[in-house]
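> So the mapping is simple: the working numbering equals the position in the sequence shown, first residue as 1, plus 1133.
Note that CB positions come from ideal geometry on N, CA and C, so glycine has one too.
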Amino acid sequence: MPPLQKSAVDRRAEELDTIAAVLPLERRDELAELLTDQDVETLRHLVNQGMGDNTLRALTSDLTYLEAWGLAATGQSLPWPAPEALLLKFVAHHLWDPQHRETDPDHGMPADVDEDLRSQGFLKSVGPHAPSTVRRRLANWSTLTRWRGLDGAFASPALKSAIRLAIRAAPRQRLRKSAKAVTGDVLARLLATCATDSLRDLRDRAILMVAFASGGRRRSEIAGLRREQLTVEPPIEVPDGPPLPSLAIHLGRTKTTSGDEDDVVYLTGRPVDALNAWMVAAKIDSGSVFRGIGRWGTVSRRAIDAQSVNAILKQRAEMAGLEPGEFSAHGLRSGYLTEAANRGIPLPEAMEQSRHRSVQQASSYYNNATRRSGKAARLLS
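1. Measuring only the C-alpha atoms, how far is ALA1141 from SER1210?
2. Measuring alpha carbon to alpha carbon, tell me which residue in ARG1466, PRO1212 and LEU1179 is nearest ARG1350.
3. Taking 8 Å as the threshold (C-beta atoms), are ALA1453 and THR1326 in contact?
4. Just verifying my parser: in three-state terms, what is the DSSP assignment at LEU1179?
5. With the cut-off set at 8 Å, would you say TRP1217 and SER1289 are in Cβ contact?
6. Could you tell me how far apart the beta carbons of ARG1360 and SER1419 are, in whole angstroms, since I believe they sit closer than 8 Å?
7. In whole angstroms, give me the CA-to-CA distance for ALA1346 and ILE1382.
8. Go through its chain and collect everything with a Cβ distance to GLY1348's Cβ below 7 Å, but skip five positions before and after it.
9. Need the endpoints of the alpha helix (DSSP H) that HIS1262 sits in, please.
10. Alpha carbon to alpha carbon, how far is LEU1408 from LEU1256?
11. DSSP state of ASP1249, grouped into three classes?
12. State yes or no: is the C-beta of ALA1444 within less than 8 Å of the C-beta of LEU1335?
13. Nearest CA to the CA of SER1441: which residue from ALA1286, VAL1319 and ALA1356?
14. Taking the beta carbon of ARG1297 as the centre, do at least 16 other beta carbons fall within 10 Å, making it buried, or is it exposed?
15. Where do the ends of the beta strand (DSSP E) carrying LEU1380 lie?
16. Going by DSSP in three states, ALA1141 sits in which element: helix, strand or coil?
17. In angstroms, rounded to a whole number, what distance separates the CA positions of THR1266 and ASP1195?
18. Identify whether ALA1417 lies in helix, strand or coil by the three-state DSSP scheme.
19. Have a look at ASP1170, SER1461, ARG1428 and SER1379 and flag the residue whose alpha-carbon is nearest the alpha-carbon of THR1316.
20. Are the CB atoms of PRO1375 and VAL1405 within a distance shorter than 8 Å?
21. Whole angstroms is fine: what's the gap from SER1353's alpha carbon to THR1236's?
22. LEU1320 and ARG1338 - do their beta-carbons sit closer together than 8 Å?
23. Quick one: what's got a C-beta closer than 7 Å to LEU1277's C-beta in the same chain, skipping five residues either side?
24. Residue range of the alpha helix (DSSP H) that THR1471 falls in?
25. If you reduce the DSSP assignment to three classes, tell me which class GLU1366 lands in.
26. On the DSSP letters alone, give me the boundaries of the alpha helix (DSSP H) that GLY1317 sits inside.
27. Under 8 Å between the Cβ atoms of ALA1201 and GLY1285?
28. Along the chain, where does the alpha helix (DSSP H) that runs through ILE1355 open and close?
29. Let me check one thing: in DSSP terms, what residues is VAL1224 bridge-paired to?
30. Give me the residue from SER1331, MET1342 and GLY1385 with the minimum Cα distance to ASP1318.
31. Please report how far the alpha carbon of LEU1179 lies from the alpha carbon of GLN1171, in whole angstroms.
32. Determine the DSSP secondary structure at THR1278, reduced to helix, strand or coil.
33. Would you mind sorting ILE1437 into buried or exposed? The rule is 16 or more other CB atoms within 10 Å of its CB.
If you want it as structure tokens, here you go:
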């Protein structure tokens, strides 16, 4: 690599490090090569503007994909603003008809572009993209264009028509984020696989219990949890038993809140014990709570990423004799509300812990658990 190019990549890597506290970047060196100086400056600007962590992660992920696709498809970094022809090419490469592809190999994403993106880990599944993914990436592309003070062709009739026609030609079934909810009985089977006092079992047990009991926290919130967000609360008195330990989690800025709000959820009893056991064993008194564990049992200083939470749940599901493909980390969130409904907990009380802002969304999980046994289904029983 020429010295000037190497120094530019190194400089971008250092600049990405300066925003890592807000925007964890596990593939920093790779991003430094794909993103341009202006890309990194735009991300730094968004951090300074106080954009939400999850939104920033999504923007960075999509920007990186777009830059990788642009290089693979055109041999150049993305132009800003992108011409309409490039936007139409993006749609054609990602929304296509598999049946048409059988008779026309040039239909859809070209084989060399597909191979390039797949070798870098940007493509994993086979076939056209989900329309929602294409729309999201175009929306983020448009947002980043506006943040640069530029106008794009994202609202052009030709682009809207191309998307509409492509979706009709390549219909995909809409799938839930998690096919099955991780309800109390499923959680018990997952926790049974974390029965030893090994560091990995202690960590995974704490992750599962904290994620579920704190209202079904999003995987990004669990991965990004820091010791400084935890405060010890007075024990909860219970009849005929010892007081239960209590802990508050200060969520700070989340998907549905701003950094000025201090949303708090509480842990009581066994989840607190599980979390404390992990932090004591891993000697965590500051910084990231849930960290990677090396091959020889060494606890990393770096936090796990959000995808690791998903991988841990699937691994534990497989160990428990369940079908891992039927579960994902989002199942903890839907499972919490489903379990709350099963136990007769009022929806508003459950939402206080889950921090859902939309009653409609929360009730979609809640109602599914009660409809089968409700009065409306038993009019002739």
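This is what the structure holds:
1. Each residue's alpha carbon lies about 15 Å from the other.
2. Ranking the options by Cα distance to ARG1350, first place goes to ARG1466.
3. For THR1326 and ALA1453, yes; Cβs fall inside 8 Å.
4. Residue state, collapsed to three classes: helix.
5. Note that residue 1217 corresponds to Glu in the displayed sequence, not to Trp. Taking 8 Å as the Cβ cut-off, GLU1217 and SER1289 qualify as a contacting pair.
6. Contact flag correct, Cβ pair sits at about 5 Å.
7. Rounded to whole angstroms, ALA1346 to ILE1382 spans 11 Å at the Cα level.
8. For GLY1348, the CB contacts under 7 Å within the same chain, skipping 5 residues up- and downstream, are VAL1398, TYR1469, GLN1486, SER1487 and ARG1488 in chain order.
9. Segment: none, HIS1262 is in no alpha helix (DSSP H) and carries neither H nor E.
10. The straight-line gap from Cα to Cα measures roughly 36 Å.
11. Looking at ASP1249 - three-state DSSP - the assignment turns out to be helix.
12. Going by C-beta atoms, ALA1444 is not nearer than 8 Å to LEU1335.
13. For the options ALA1286, VAL1319 and ALA1356, the alpha carbon positioned closest to that of SER1441 is the one of ALA1356.
14. Under this definition ARG1297 is an exposed residue.
15. Looking at the DSSP string, the run of the beta strand (DSSP E) that includes LEU1380 is 1377-1385.
16. DSSP places ALA1141 in the helix class (H, G or I) of the three-state scheme.
17. Each residue's alpha carbon lies about 10 Å from the other.
18. A small correction: the amino acid at residue 1417 is Ile; Ala does not occupy that position in the sequence shown. Note: ILE1417 maps to coil in three-state DSSP.
19. When each option's Cα is compared against that of THR1316, the closest is SER1461.
20. Not a contact, by the Cβ cut-off of 8 Å.
21. So the two alpha carbons sit approximately 42 Å from each other.
22. Cβ atoms of ARG1338 and LEU1320: not closer than 8 Å.
23. Cβ neighbours of LEU1277 beyond the five flanking positions: THR1175, LEU1192 and LEU1196.
24. Unbroken alpha helix (DSSP H) run through THR1471: 1463-1475.
25. DSSP places GLU1366 in strand when its eight states are reduced to three.
26. Per DSSP, GLY1317 belongs to the alpha helix (DSSP H) from 1317-1325.
27. No. Outside cutoff.
28. ILE1355 -> alpha helix (DSSP H) spans 1352-1356.
29. Under DSSP, VAL1224 shares a beta bridge with no residue.
30. Nearest option by C-alpha distance: MET1342.
31. Linking LEU1179 to GLN1171 through their CA atoms gives a straight-line distance of about 12 Å.
32. THR1278: helix per DSSP, three-state reduction.
33. ILE1437 should be labelled buried.
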